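Quick notes on the structure that follows.
Number of protein chains: 2
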Amino acid sequence: MKRGVTDRAMPSGQGRFPKRVEAMLDAADAACAAHGARLTPLRRQVLGLVLESDQPIGAYALLDRLKESRTGAAPPTVYRALEFLLERGFVHKVERLNAFIGCHSATAPHDHDDHDHAHTVQFLICGKCGRVQELEDESVRSALANAASRAGFAPGRMTVEVEGVCRDCG
Amino acid sequence: MKRGVTDRAMPSGQGRFPKRVEAMLDAADAACAAHGARLTPLRRQVLGLVLESDQPIGAYALLDRLKESRTGAAPPTVYRALEFLLERGFVHKVERLNAFIGCHSATAPHDHDDHDHAHTVQFLICGKCGRVQELEDESVRSALANAASRAGFAPGRMTVEVEGVCRDCG
DNA sequence: GTCAGTCTGTTACCTTATAACGCATGAAGC
DNA sequence: GCTTCATGCGTTATAAGGTAACAGACTGAC
Numbered sequence: 001m002k003r004g005v006t007d008r009a010m011p012s013g014q015g016r017f018p019k020r021v022e023a024m025l026d027a028a029d030a031a032c033a034a035h036g037a038r039l040t041p042l043r044r045q046v047l048g049l050v051l052e053s054d055q056p057i058g059a060y061a062l063l064d065r066l067k068e069s070r071t072g073a074a075p076p077t078v079y080r081a082l083e084f085l086l087e088r089g090f091v092h093k094v095e096r097l098n099a100f101i102g103c104h105s106a107t108a109p110h111d112h113d114d115h116d117h118a119h120t121v122q123f124l125i126c127g128k129c130g131r132v133q134e135l136e137d138e139s140v141r142s143a144l145a146n147a148a149s150r151a152g153f154a155p156g157r158m159t160v161e162v163e164g165v166c167r168d169c170g
Numbered sequence: 001m002k003r004g005v006t007d008r009a010m011p012s013g014q015g016r017f018p019k020r021v022e023a024m025l026d027a028a029d030a031a032c033a034a035h036g037a038r039l040t041p042l043r044r045q046v047l048g049l050v051l052e053s054d055q056p057i058g059a060y061a062l063l064d065r066l067k068e069s070r071t072g073a074a075p076p077t078v079y080r081a082l083e084f085l086l087e088r089g090f091v092h093k094v095e096r097l098n099a100f101i102g103c104h105s106a107t108a109p110h111d112h113d114d115h116d117h118a119h120t121v122q123f124l125i126c127g128k129c130g131r132v133q134e135l136e137d138e139s140v141r142s143a144l145a146n147a148a149s150r151a152g153f154a155p156g157r158m159t160v161e162v163e164g165v166c167r168d169c170g
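Protein chains in written order, with our numbering: chain A, 1 to 170; chain B, 1 to 170.
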């Protein structure tokens, strides 16, 4: 109803994102196009908001920001966009924080395709400053895959999160 | 949610738990005593309920069962007990399911102390049958600890959860 | 243009978790 | 004995996270 034309206007809200974010968005856009997926304005905006906050951000915090430019935004608005972005590996969910964070490798300029690093990411969560660092360690992935196989288990998506103290806080 | 025939074994409400559970409760009790902690009747009951369900169980499902014998039970009742049990390593939280599961190694008869295996447990979650299997693989733990250290990170509690397909479902 | 599939708006609701306050119990000290 | 402090728990209220279901709008294929 009140949803006129605003979102076709295309700027993400009132303005655009910082350059570094726009670049990642463009990379994501390209990756989507290459797979026949659609990074719609809404999805692009949500991804932008996630990337803009380089730390994990909750769905409702995201929603609040979204509301600044989309008056009608509601929880499903955010969650549906997040669902898409998670499937595509553009964002990850940090389970311990119930929060979402952008995947830097999936939104890197030359990223490509399907060898699912998206499924094998590790997070280091600093208990002091709250910052989260993304890790992509192959030895962890393979150790885990082996252990799972040994248990007769065909591994799929892996959630690996380590709470501790980061270099700066240590 | 399946109403298994097997968990009808004992009314678990007011009375006691099955023998295997009582044995684990006694072990937990002993472990608490050895550390100056108190496994109060409430905590013991909550732990019993978690152990009785050998699969992950949500806090509110736990609450429902608790209410059968404690009319006044409310969310904090359960969450406070769980907090204690988590700290002591008697139960783990499966983050992806928002559910809790008993730690078999911490409640084993001859369990001892503090070398925190409690912090280094892995879960295999079957996407088909929903069953969860606990794993305690040292190579995973050390790979992860090494990767974290290399990133300048002092690792503490680790959450490792693998979604996939179990032997029976595969 | 019309049809099917996808995406989004909208309302309503459910589940999970915590804050805050106060009473009860029990050990520690005088 | 009585105070004091700490811990555990009851109780109320509310925050935070997440989904179901239906309707309208858009897009691409024919």
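For each residue, glycine too, the CB sits at the ideal point set by N, CA and C. Here the structure is a predicted model, which is why all the values come from computation and not from measurement.
Reference G176 (chain B); option with closest CA among A:R157, A:G152, A:T77: Any answer about residue 176 (chain B) is impossible in this case: the structure gives chain B only from 1 up to 170.
Partners in chain A for S139 (chain B), counting only beta-carbon separations shorter than 8 Å: A143, N146, A147
Does the beta carbon of G58 (chain B) sit closer than 7 Å to a beta carbon anywhere in chain A? no
Give the single residue among B:L144, B:P41, B:A59, B:G72 whose Cα lies nearest to the Cα of G102 (chain B). B:A59
For a contact defined as C-beta to C-beta under 7 Å, what are the partners of L246 (chain B) on chain A? As shown, chain B starts at 1 and ends at 170. That puts residue 246 (chain B) outside it, with no answer to give.
On the premise that C129 (chain B) lies in contact with A164 (chain B), defined as a C-beta separation below 8 Å, what is that separation, rounded to the nearest angstrom? Before going further, note that residue 164 (chain B) is Gly rather than Ala in the sequence given. That belief does not hold up - the Cβ atoms of G164 (chain B) and C129 (chain B) are roughly 11 Å apart, past 8 Å.
For G164 (chain B), list the residues DSSP reports as bridge partners. A:P155, B:C126
Can you name the start and end residues of the beta strand (DSSP E) that A99 (chain B) belongs to? 99 to 102
Using a Cβ distance threshold of 8 Å, determine whether the segment 137 to 155 of chain B contacts the segment 64 to 73 of chain B, with at least three qualifying pairs required. no
Can you tell me the Cα-Cα spacing of A74 (chain B) and Q45 (chain B), whole angstroms? 15 Å
What residue range is occupied by the uninterrupted beta strand (DSSP E) comprising L135 (chain A)? 132 to 135
V50 (chain A), DSSP secondary structure in three states: helix
Give, in chain order, every residue of the segment 80 to 113 of chain B whose Cβ lies closer than 7 Å to some Cβ of chain A. E95, R96
Put V94 (chain A) into one of helix, strand or coil per three-state DSSP. strand
Curious, which full-length alpha helix (DSSP H) runs of at least 4 residues does the segment 23 to 78 of chain B contain? 41 to 52, 59 to 67
What number of angstroms, rounded off, separates the C-alpha of P18 (chain B) from the C-alpha of E52 (chain B)? 8 Å
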